[in-house]
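Counting from 28, one number per residue, gives the positions in the sequence shown under my numbering.
Here a beta-carbon is modelled for each residue, glycine too, at the ideal position from N, C-alpha and C.
Every value quoted in this text rests on a predicted model; they were computed, and no experiment measured them.
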Amino acid sequence: MKRLAILGASGHGKVVADTAECCGWPIVEFFDDAWPALQSNGGWAVTGDSAVLLARLLEFEGVVVAIGNNAMRQAKLVALQAADARLATLIHPSATVSRYAVMGEGSVVFAGAVVNADSRIGLGVILNTGCRVDHDCVLGDAVHISPGACLAGGVRVGEQSWIGIGACVRQMIDIGQRVMVGAGSVVVGNVSNDVTVAGVPAKRMR
28 MKRLAILGAS GHGKVVADTA ECCGWPIVEF FDDAWPALQS NGGWAVTGDS AVLLARLLEF
88 EGVVVAIGNN AMRQAKLVAL QAADARLATL IHPSATVSRY AVMGEGSVVF AGAVVNADSR
148 IGLGVILNTG CRVDHDCVLG DAVHISPGAC LAGGVRVGEQ SWIGIGACVR QMIDIGQRVM
208 VGAGSVVVGN VSNDVTVAGV PAKRMR
(Lines of atoms letter the chains of each structure in order from A; the text may use other names.)
(Lines give C-alpha, C1' and ligand atoms only; values in the text may rest on other atoms or scores of the structure.)
Protein backbone atom coordinates (compact mmCIF):
# COMPACT_ATOMS: atom_id res chain seq x y z
CA MET A 28 0.00 0.00 0.00
CA LYS A 29 1.22 3.50 -0.87
CA ARG A 30 2.57 5.49 2.05
CA LEU A 31 2.72 9.30 2.21
CA ALA A 32 4.93 11.20 4.65
CA ILE A 33 3.86 14.69 5.69
CA LEU A 34 6.44 16.98 7.31
CA GLY A 35 4.67 19.49 9.55
CA ALA A 36 1.99 18.43 12.04
CA SER A 37 -0.20 21.52 12.22
CA GLY A 38 -3.75 22.56 11.34
CA HIS A 39 -2.54 23.07 7.79
CA GLY A 40 -1.07 19.59 7.96
CA LYS A 41 -4.48 18.17 8.82
CA VAL A 42 -5.93 19.64 5.63
CA VAL A 43 -3.03 18.22 3.63
CA ALA A 44 -3.60 14.79 5.18
CA ASP A 45 -7.34 14.93 4.51
CA THR A 46 -6.65 15.94 0.90
CA ALA A 47 -4.15 13.09 0.57
CA GLU A 48 -6.75 10.57 1.73
CA CYS A 49 -9.25 12.02 -0.76
CA CYS A 50 -6.57 11.53 -3.44
CA GLY A 51 -6.30 7.84 -2.61
CA TRP A 52 -3.28 7.70 -0.28
CA PRO A 53 -4.25 4.91 2.15
CA ILE A 54 -1.46 5.47 4.68
CA VAL A 55 -0.49 8.94 5.90
CA GLU A 56 2.25 9.44 8.50
CA PHE A 57 3.31 12.74 10.08
CA PHE A 58 6.77 13.99 10.99
CA ASP A 59 7.45 17.16 12.97
CA ASP A 60 10.46 18.67 14.71
CA ALA A 61 8.38 18.94 17.91
CA TRP A 62 8.44 15.13 18.16
CA PRO A 63 8.64 13.19 20.52
CA ALA A 64 6.71 15.66 22.66
CA LEU A 65 4.17 15.84 19.83
CA GLN A 66 2.71 12.38 19.22
CA SER A 67 -0.40 13.05 17.14
CA ASN A 68 -2.05 15.55 14.82
CA GLY A 69 -5.78 15.01 15.02
CA GLY A 70 -6.43 11.46 13.89
CA TRP A 71 -2.92 10.91 12.51
CA ALA A 72 0.21 9.74 14.34
CA VAL A 73 3.44 11.76 14.47
CA THR A 74 6.26 9.23 14.30
CA GLY A 75 9.46 11.24 14.04
CA ASP A 76 11.20 14.51 13.23
CA SER A 77 12.95 15.74 10.07
CA ALA A 78 16.01 13.58 10.73
CA VAL A 79 13.89 10.46 11.19
CA LEU A 80 12.03 11.21 7.96
CA LEU A 81 15.30 11.56 6.03
CA ALA A 82 16.45 8.22 7.43
CA ARG A 83 13.18 6.52 6.40
CA LEU A 84 12.61 8.08 2.97
CA LEU A 85 12.70 4.77 1.13
CA GLU A 86 9.60 3.65 3.04
CA PHE A 87 7.44 6.32 1.38
CA GLU A 88 6.16 6.65 -2.16
CA GLY A 89 5.59 10.37 -1.60
CA VAL A 90 6.51 13.25 0.72
CA VAL A 91 4.74 16.58 1.22
CA VAL A 92 5.90 19.52 3.36
CA ALA A 93 2.90 20.95 5.25
CA ILE A 94 4.50 24.05 6.78
CA GLY A 95 2.70 27.35 6.32
CA ASN A 96 5.80 29.53 6.65
CA ASN A 97 6.94 29.92 3.05
CA ALA A 98 10.67 30.27 3.71
CA MET A 99 10.74 27.31 6.07
CA ARG A 100 8.70 25.17 3.68
CA GLN A 101 11.07 25.95 0.82
CA ALA A 102 14.14 25.11 2.94
CA LYS A 103 12.67 21.75 3.93
CA LEU A 104 11.76 20.99 0.31
CA VAL A 105 15.29 21.78 -0.88
CA ALA A 106 16.70 19.43 1.78
CA LEU A 107 14.31 16.67 0.74
CA GLN A 108 15.17 17.14 -2.92
CA ALA A 109 18.86 16.85 -2.09
CA ALA A 110 18.07 13.54 -0.38
CA ASP A 111 16.20 12.29 -3.49
CA ALA A 112 12.81 12.27 -1.77
CA ARG A 113 9.84 11.55 -4.00
CA LEU A 114 7.86 14.78 -3.62
CA ALA A 115 4.13 14.29 -4.08
CA THR A 116 1.71 16.79 -5.62
CA LEU A 117 -1.80 16.66 -4.17
CA ILE A 118 -4.87 17.92 -6.03
CA HIS A 119 -8.18 17.58 -4.18
CA PRO A 120 -10.83 15.81 -6.27
CA SER A 121 -13.11 18.86 -6.06
CA ALA A 122 -10.41 21.22 -7.38
CA THR A 123 -10.32 22.13 -11.07
CA VAL A 124 -6.86 22.14 -12.65
CA SER A 125 -6.56 22.61 -16.40
CA ARG A 126 -4.71 19.86 -18.25
CA TYR A 127 -2.74 22.70 -19.82
CA ALA A 128 -1.49 23.97 -16.47
CA VAL A 129 1.91 22.89 -15.09
CA MET A 130 2.04 21.88 -11.44
CA GLY A 131 5.32 21.87 -9.54
CA GLU A 132 6.41 19.02 -7.30
CA GLY A 133 5.33 19.15 -3.67
CA SER A 134 2.46 21.55 -4.35
CA VAL A 135 -1.00 21.12 -2.84
CA VAL A 136 -4.34 22.22 -4.34
CA PHE A 137 -7.19 22.21 -1.84
CA ALA A 138 -10.93 21.76 -2.27
CA GLY A 139 -12.68 24.12 -4.68
CA ALA A 140 -9.53 25.75 -6.02
CA VAL A 141 -9.28 26.51 -9.75
CA VAL A 142 -6.14 26.68 -11.90
CA ASN A 143 -6.79 27.67 -15.50
CA ALA A 144 -4.99 27.00 -18.78
CA ASP A 145 -1.28 27.69 -19.25
CA SER A 146 -0.67 28.67 -15.64
CA ARG A 147 2.63 27.47 -14.20
CA ILE A 148 2.84 26.61 -10.53
CA GLY A 149 6.24 26.28 -8.84
CA LEU A 150 7.71 23.91 -6.26
CA GLY A 151 5.89 23.55 -2.95
CA VAL A 152 3.08 26.01 -3.67
CA ILE A 153 -0.08 26.08 -1.52
CA LEU A 154 -3.28 26.79 -3.46
CA ASN A 155 -5.69 27.02 -0.58
CA THR A 156 -9.42 26.34 -0.35
CA GLY A 157 -11.49 28.00 -3.06
CA CYS A 158 -8.74 30.20 -4.50
CA ARG A 159 -8.64 31.11 -8.21
CA VAL A 160 -5.58 31.20 -10.45
CA ASP A 161 -6.62 32.28 -13.92
CA HIS A 162 -4.97 31.65 -17.27
CA ASP A 163 -1.26 32.29 -17.90
CA CYS A 164 -0.35 33.01 -14.28
CA VAL A 165 3.18 32.15 -13.11
CA LEU A 166 3.71 31.33 -9.42
CA GLY A 167 7.23 30.95 -8.07
CA ASP A 168 8.40 28.35 -5.58
CA ALA A 169 6.89 28.27 -2.07
CA VAL A 170 4.08 30.74 -2.85
CA HIS A 171 0.86 30.58 -0.79
CA ILE A 172 -2.45 31.68 -2.30
CA SER A 173 -4.87 31.86 0.64
CA PRO A 174 -8.52 30.73 0.75
CA GLY A 175 -10.78 32.68 -1.56
CA ALA A 176 -8.01 34.76 -3.12
CA CYS A 177 -8.27 35.47 -6.86
CA LEU A 178 -5.53 36.05 -9.41
CA ALA A 179 -6.71 37.33 -12.79
CA GLY A 180 -5.01 36.28 -16.02
CA GLY A 181 -1.29 36.75 -16.52
CA VAL A 182 -0.38 37.53 -12.90
CA ARG A 183 3.18 36.70 -11.84
CA VAL A 184 3.98 36.02 -8.17
CA GLY A 185 7.58 35.70 -6.98
CA GLU A 186 8.86 32.97 -4.70
CA GLN A 187 7.84 32.88 -1.02
CA SER A 188 5.10 35.48 -1.53
CA TRP A 189 1.81 35.19 0.33
CA ILE A 190 -1.52 36.38 -1.08
CA GLY A 191 -3.90 36.86 1.86
CA ILE A 192 -7.37 35.43 2.30
CA GLY A 193 -9.93 36.94 -0.07
CA ALA A 194 -7.41 39.20 -1.82
CA CYS A 195 -7.79 40.00 -5.53
CA VAL A 196 -5.03 40.75 -8.03
CA ARG A 197 -5.78 42.54 -11.32
CA GLN A 198 -4.69 40.96 -14.61
CA MET A 199 -1.07 41.23 -15.80
CA ILE A 200 0.26 42.38 -12.41
CA ASP A 201 3.78 41.44 -11.28
CA ILE A 202 4.22 40.71 -7.57
CA GLY A 203 7.80 40.33 -6.36
CA GLN A 204 9.48 37.85 -4.06
CA ARG A 205 8.70 37.56 -0.34
CA VAL A 206 5.70 39.88 -0.63
CA MET A 207 2.74 39.78 1.75
CA VAL A 208 -0.64 40.90 0.43
CA GLY A 209 -3.12 41.62 3.20
CA ALA A 210 -6.46 39.87 3.55
CA GLY A 211 -9.19 41.36 1.37
CA SER A 212 -6.79 43.62 -0.50
CA VAL A 213 -7.18 44.60 -4.15
CA VAL A 214 -3.86 44.79 -5.99
CA VAL A 215 -4.00 47.00 -9.10
CA GLY A 216 -0.31 47.84 -9.56
CA ASN A 217 2.99 45.99 -9.59
CA VAL A 218 4.58 45.19 -6.21
CA SER A 219 8.34 45.12 -5.61
CA ASN A 220 10.23 42.53 -3.55
CA ASP A 221 10.13 42.26 0.25
CA VAL A 222 7.17 44.51 1.01
CA THR A 223 3.73 44.20 2.60
CA VAL A 224 0.75 45.75 0.84
CA ALA A 225 -2.84 46.02 2.04
CA GLY A 226 -6.07 47.87 1.40
CA VAL A 227 -8.39 48.77 -1.47
CA PRO A 228 -6.50 49.61 -3.58
CA ALA A 229 -3.50 47.92 -1.99
CA LYS A 230 -0.74 50.24 -0.79
CA ARG A 231 2.65 49.62 0.78
CA MET A 232 2.52 49.39 4.55
CA ARG A 233 5.10 51.31 6.57
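Strand pairing of residue i, partner residues [DSSP]
i    : result
A225 : K230
L154 : V136, I172
T123 : V141
R159 : V141, C177
When the options are compared against residue i, the one with the closest alpha-carbon
i    : options               : result
D221 : H162, G191, Q187      : Q187
I153 : D168, M28, V213       : D168
N97  : V43, V170, Q204, C177 : V170
P174 : G191, G131, S121      : G191
P63  : V214, G151, V79       : V79
R183 : F137, C164, N68       : C164
Endpoints, the beta strand (DSSP E) within which residue i is located
i   : result
L31 : 30 to 34
Assigned exposure category for residue i - 16 Cβ within 10 Å defines buried
i    : result
Q101 : buried
G75  : buried
D111 : exposed
N217 : exposed
V227 : exposed
L31  : buried
M28  : exposed
G35  : buried
S219 : exposed
R233 : exposed
Opening and closing residue of the alpha helix (DSSP H) in which residue i lies
i   : result
V55 : Unbroken run through V55 is the beta strand (DSSP E), 54 to 58; no alpha helix (DSSP H).
CB contact check: residue i to chain D, cutoff 9 Å
i    : result
S173 : Chain labels in this structure do not include chain D; a single protein chain is all it has.
Practice problem: Within the region 40 to 101, note down every full alpha helix (DSSP H) run reaching 4 residues or more, in order along the chain. | Solution: 77 to 82
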